[in-house]
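From first to last, the protein sequence lines are chains A and B.
Position 61 of the first sequence, counted from 1, bears residue number 61 in the working numbering, the numbering being contiguous throughout.
Position 129 of the second sequence, counted from 1, bears residue number 206 in the working numbering, the numbering being contiguous throughout.
Glycine included, C-beta positions come from ideal geometry on N, C-alpha and C.
In what follows, a structure is listed as structure tokens, so that the remarks can point back to it.
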Amino acid sequence: MSINVQFFASLRELIGKQQATLPYSDGSIVSMVWKDASNGKTMPDNTLCAINMEYVKPDATVHDGDEVAFFPPVTGG
Amino acid sequence: MPAILLDKIFNPWDEIQRYQTEHLRGGQYGATASFTGTMRDFNIKETVTHMTLEHYPDMTQHYLDKLCKDCTEQFELDDCLIIHRFGDIRPGEPIVLTVAWSGHRAQAFDACRHMMEELKSNAPFWKKEVTDKGERWVHNDQHHNKE
């Protein structure tokens, strides 16, 4: 019963870690995962969120075993 | 219709030629459109000496694979190809290549442009430039909590 949390780019530097494992809580949503994994830091306004490699909004429901990722707007190409 | 992530320099023209030879039949397609994005040595009025391109490996591959599949269907392509670098990149080196092969030029042009615009907006890559004043993340403020 756990969630794998990933941070990338400037958010990895903001939080100070690439990865965290959190216990799964029934009814959890993405913004709650951020709060727990970041020790209460405010989520930057332009943060992008993904569950299992698909973009979601911060109010999306998280399920046991999910990989939740947080990262800034992308700049590839 | 592969999407390939590379951590080393590549020659876009060689890659197009190689892919055509190995995967397409002469006469099968009438149009080939390609775009190559190359690293500049300047940005925001400063000299950039090199950059690191970070990515989210599994999601990036998943996103680009789906983009290739969707483009092939949407634009009725014979085939398409995306190659994108990650890791350390120097000015003058190619960063990205998109190629579309189709029966007619309109679909090839449109698909090639579409692949580039979509991946620039959505593929999880992040550029960190190094200038003579230090390191900085390249910003893109177009997106807000997309779904």
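Under 8 Å by beta carbon: chain B residues contacting residue i
i, result
"residue 79/A", "Because chain A here runs from 1 to 77, residue 79/A falls outside it and cannot be looked at."
"residue 71/A", "133, 201, 203"
Beta-carbon neighbours of residue i, restricted to chain A and to distances below 7 Å
i, result
"residue 131/B", "8, 9"
Buried or exposed by the 16-neighbour rule on C-beta atoms within 10 Å, applied to residue i
i, result
"residue 23/A", "exposed"
"residue 28/A", "buried"
"residue 164/B", "exposed"
"residue 131/B", "buried"
"residue 90/B", "exposed"
"residue 121/B", "exposed"
Interface residues of chain A facing residue i [CB-CB closer than 8 Å]
i, result
"residue 139/B", "53"
"residue 78/B", "Ordered by position in chain A, no residue passes the 8 Å Cβ test against residue 78/B, which lies about 18 Å from the chain."
Integer Cβ distance of residue i from residue j, believed to fall under 8 Å
i, j, result
"residue 200/B", "residue 74/A", "6 Å"
"residue 166/B", "residue 116/B", "5 Å"
"residue 86/B", "residue 170/B", "5 Å"
"residue 196/B", "residue 141/B", "7 Å"
Cross-chain neighbours of residue i in chain C, by beta carbon under 9 Å
i, result
"residue 214/B", "Among the chains of the structure shown, chain C does not appear; the protein chains present are A and B."
Chain B contacts made by the region 38–53 of chain A, where a contact means CB separation under 8 Å: 45, 46, 47, 48, 49, 50, 53
Chain-ordered residues of the region 101–125 of chain B with a beta carbon less than 7 Å from chain A: 114
Complete beta strand (DSSP E) runs within the region 127–177 of chain B (minimum length 3 residues, chain order): 156–162, 164–166
Chain A contacts from the region 168–197 of chain B (Cβ-Cβ distance under 8 Å): 172, 173, 193, 196, 197
Chain-ordered residues of the region 147–168 of chain B with a beta carbon less than 7 Å from chain A: 161
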